[in-house]
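J.: In mature numbering (1 follows the signal peptide of the UniProt record, and there is no 0), the protein residues as written are -25 to -1, 1 to 425.
Virtual Cβ for every residue (Gly too), placed ideally from N, Cα, C.
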């Protein structure tokens, strides 16, 4: 099922994240309302009749309203949030929120849609909520990803991050995530009267792990769902293609919490699955299983570490029941349209959370369908390590697309010992660290400020 990670860095980062998730934030004057209590998240009557991507409500958060680790305000030009109309996995209208960050000296013609690895069946873990100053550290992983967003902002790019799980916190539901990402882009590009972004701005996507699930689904749904969007590139790292493979991989290990969170997320979208899961849960374990609906990623990792889902259910082959099998099959990425967006994919060969093989197979399938993909297999990294070390290559790819560097049509793949030693990666990674330090110090974020 699960082979224990051997690299100390992965364990160090895992333990640090868990520790930080338990730390109580310093007292603060501002009260950040949870999505369930904040009226901003409630769509107006009749919103269902609006076109996907329509802005239903907007608000200006202000220049220092977002914070890394809840306590380090990010000095950007402004931040905005939009409630917008989208579509769930069943084709029903839904509404969710996206957060747009604008750097100082922004380039209004460039937008990156950054999908965080929320990996939670709770709306209280939405990036729109946990990125706000004073919210506390339960969303510490998302808050850490803000430092990656900072290095994009430092380049002058607008950065957008959507609550792509929708109003039901449908974690692992690919179609919901893909629709929400694409509709968030539609909403942002229509916000120029408030944000000054150009309606024809060049757009790119980036996401790792759960963020790559959302980004990947967006790329394959874009030709049929949002063909008018001109997305010029996307970077996908540690991409969860097959949920069943991940459920098997994490069982009994430090990331076992992804299983109850993921199953609860699926059940939030599919009532028939929710009924089935409830029927097979061991009665005395139900409360513990459903607790995942209130936990963010790091909290769930701590709560369920080294457990197996088998210990919660009455049948060990719970994924083989017809209702579960059908939904898990529908959740496999790569079975919709072949992406027409140029892609950069990177994956750890020995990924202990998101197995490499399904991603490698999807790459081959998409290439057979005419996709343009650059694929990198990293030999030394594991899942958490590549999240960090693979970021430089992803940023280089995004930079090249914005610079107009020609894309080589078709597919190419290569193997690297470690992505950090690839050409140009060390320099870019150094800038990531420098930008993060400056952001934590409260210095202005944007080109030409230092």
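Rounded to the nearest angstrom, what separates residue 279 and residue 44 at their Cα positions?
T.: Counting from one through the chain shown, the residue named residue 279 turns up at place 304. Counting from one through the chain shown, the residue named residue 44 turns up at place 69. The straight-line gap from Cα to Cα measures roughly 23 Å.
J.: For residue 295, count neighbouring C-beta atoms within 10 Å of its own C-beta (all shown protein chains included) and say buried if the count is 16 or more, exposed if not.
T.: By 1-based counting over the chain shown, the position of residue 295 is 320. With fewer than 16 Cβ atoms within 10 Å of its Cβ, residue 295 is classed as exposed.
J.: What does the Cβ neighbour count give for residue 147, buried or exposed, with the cut at 16 atoms within 10 Å?
T.: Residue 147 sits at position 172 when you count from the first residue of the chain shown. With 16 or more other Cβ atoms within 10 Å, it is buried.
J.: Pairs of beta-carbons, one from the stretch 133 to 142 and one from the stretch 75 to 88, closer than 8 Å: are there three or more?
T.: Inter-segment contact for the stretch 133 to 142 and the stretch 75 to 88 is present: three or more beta-carbon pairs are separated by less than 8 Å.
J.: Under 6 Å Cβ to Cβ from residue 57, same chain only, skipping five residues before and after it: list those, please.
T.: Within the chain shown, the letter at position 82 stands for residue 57. Cβ within range, chain order: 30, 33, 73, 162.
J.: Using 8 Å for Cβ pairs, my map puts residue 263 next to residue 232. What's the rounded Cβ distance?
T.: Here residue 263 refers to the residue found at position 288 of the chain shown. Here residue 232 refers to the residue found at position 257 of the chain shown. Actually they are not in contact, since the Cβ atoms of residue 263 and residue 232 sit about 12 Å apart, beyond 8 Å.
J.: Mapping the DSSP letters down to three states, classify residue 2 as helix, strand or coil.
T.: As a first step, residue 2 is located in the chain shown; it is residue number 27 there, counting from the start. Confidence at residue 2 is low in this model, with a pLDDT of 43, below 50, so the placement of that residue is unreliable and no value is reported for it.
J.: Hey, how far is the Cα of residue 389 from the Cα of residue 89?
T.: Looking up residue 389 in the chain shown gives position 414. Looking up residue 89 in the chain shown gives position 114. When rounded, the distance between both Cα atoms is 25 Å.
J.: Give the straight-line distance between the Cα atoms of residue 1 and residue 91, rounded to the nearest whole angstrom.
T.: For this step, residue 1 is matched to residue 26 along the chain shown. For this step, residue 91 is matched to residue 116 along the chain shown. In this prediction, residue 1 scores a pLDDT of 42, lower than 50, which makes its location untrustworthy; the coordinate-derived value is nonetheless stated afterwards. Answer to the nearest angstrom: the Cα atoms are 24 Å apart.
J.: Comparing C-alpha positions only, which one of 265, 121, 308 sits nearest to residue 218?
T.: Taking the first residue of the chain shown as position 1, residue 218 is located at position 243. For residue 218, the nearest C-alpha among the options comes from 308.
J.: For residue 383, count neighbouring Cβ atoms within 10 angstroms of its own Cβ and tell me buried if that reaches 16, exposed if not.
T.: If you number the chain shown from 1, residue 383 lands on position 408. It is exposed - the Cβ of residue 383 has fewer than 16 other Cβ atoms within 10 Å.
J.: Where does residue 386 sit, in a helix, a strand or coil, going by DSSP?
T.: For the purposes of this step, residue 386 is taken as the residue at position 411 of the chain shown. DSSP, reduced to helix, strand and coil, places residue 386 within a strand of the structure shown.
J.: Please determine if the stretch 238 to 254 and the stretch 345 to 357 are in contact, where contact requires at least 3 C-beta pairs separated by less than 8 Å.
T.: no
J.: Hey, residue 255 and residue 293: beta-carbon distance below 7 Å or not?
T.: In the chain shown, the residue the question calls residue 255 occupies position 280. In the chain shown, the residue the question calls residue 293 occupies position 318. It is a contact, given that the beta carbons lie within the stated cut-off.
J.: So, are the CB atoms of residue 420 and residue 125 less than 7 Å apart?
T.: In the chain shown, residue 420 corresponds to position 445, counting from 1. In the chain shown, residue 125 corresponds to position 150, counting from 1. In contact: residue 420 and residue 125 (Cβ atoms closer than 7 Å).
J.: Please determine, among 327, 392, 333, the residue with the shortest C-alpha to C-alpha distance to residue 353.
T.: For the purposes of this step, residue 353 is taken as the residue at position 378 of the chain shown. For the residues 327, 392, 333, the minimum Cα distance to residue 353 belongs to 392.
J.: If you draw a straight line from the C-alpha of residue 291 to the C-alpha of residue 304, how long is it?
T.: Position 316 of the chain shown, counting from 1, holds the residue named residue 291. Position 329 of the chain shown, counting from 1, holds the residue named residue 304. Residue 291 and residue 304: Cα-Cα distance of roughly 19 Å.
J.: Check whether the stretch 222 to 230 and the stretch 181 to 198 are in contact - that is, three or more C-beta pairs closer than 8 Å.
T.: no
J.: Can you say whether residue 50 is buried or exposed, counting buried as having 16 or more other CB atoms within 10 angstroms of its CB?
T.: The count along the chain shown starts at 1 and reaches residue 50 at position 75. So residue 50 ends up on the buried side.
J.: Going by Cα to Cα distance, which pick from 36, 238, 396 is closest to residue 55?
T.: Numbered from its first residue, the chain shown carries residue 55 at position 80. Taking only the C-alpha atoms, the option nearest residue 55 is 36.
J.: Note the first and the last residue of the continuous alpha helix (DSSP H) segment covering residue 336.
T.: Along the chain shown, one-based indexing puts residue 336 at 361. First-last of the alpha helix (DSSP H) with residue 336: 331 to 343.
J.: Residues in its own chain within less than 6 Å of residue 253 by CB, not counting five upstream and five downstream?
T.: Counted from its first residue, the chain shown places residue 253 at position 278. Cβ neighbours of residue 253 beyond the five flanking positions: none.
J.: For the 8 Å Cβ check, are there 3 or more pairs between the stretch 185 to 205 and the stretch 137 to 157?
T.: yes
J.: Taking 6 Å as the cut-off, is the CB of residue 21 close to at least one heavy atom of the ligand HEM?
T.: The ligand HEM is not part of this structure, which contains no ligands at all.
J.: Let me check understanding here. Comparing Cα to Cα, which of 28, 129, 96 lies closest to residue 411?
T.: What you label residue 411 is simply residue 436 of the chain shown in a count that begins at 1. Answer by Cα proximity: 129.
J.: Under DSSP, the alpha helix (DSSP H) around residue 122 begins and ends at which residues?
T.: On the chain shown, position 147 is the one that residue 122 refers to. From DSSP, the alpha helix (DSSP H) with residue 122 extends over 115 to 128.
J.: What beta strand (DSSP E) runs, 3 residues minimum, are completely inside the stretch 179 to 245?
T.: 206 to 212
J.: Which residues does DSSP pair with residue 348 in a beta bridge?
T.: The residue labelled residue 348 in the question sits at position 373 within the chain shown. Bridge partners of residue 348: 318, 386.
J.: Going by beta-carbon coordinates alone, are residue 116 and residue 361 separated by less than 7 Å?
T.: If you number the chain shown from 1, residue 116 lands on position 141. If you number the chain shown from 1, residue 361 lands on position 386. In this structure, residue 116 keeps its C-beta atom at 7 Å or more from the C-beta atom of residue 361.
J.: Alpha carbon to alpha carbon, how far is residue 61 from residue 460? Give it in angstroms, no decimals.
T.: The shown model of the chain, from -25 to 425, leaves out residue 460, and the question about it has no answer.
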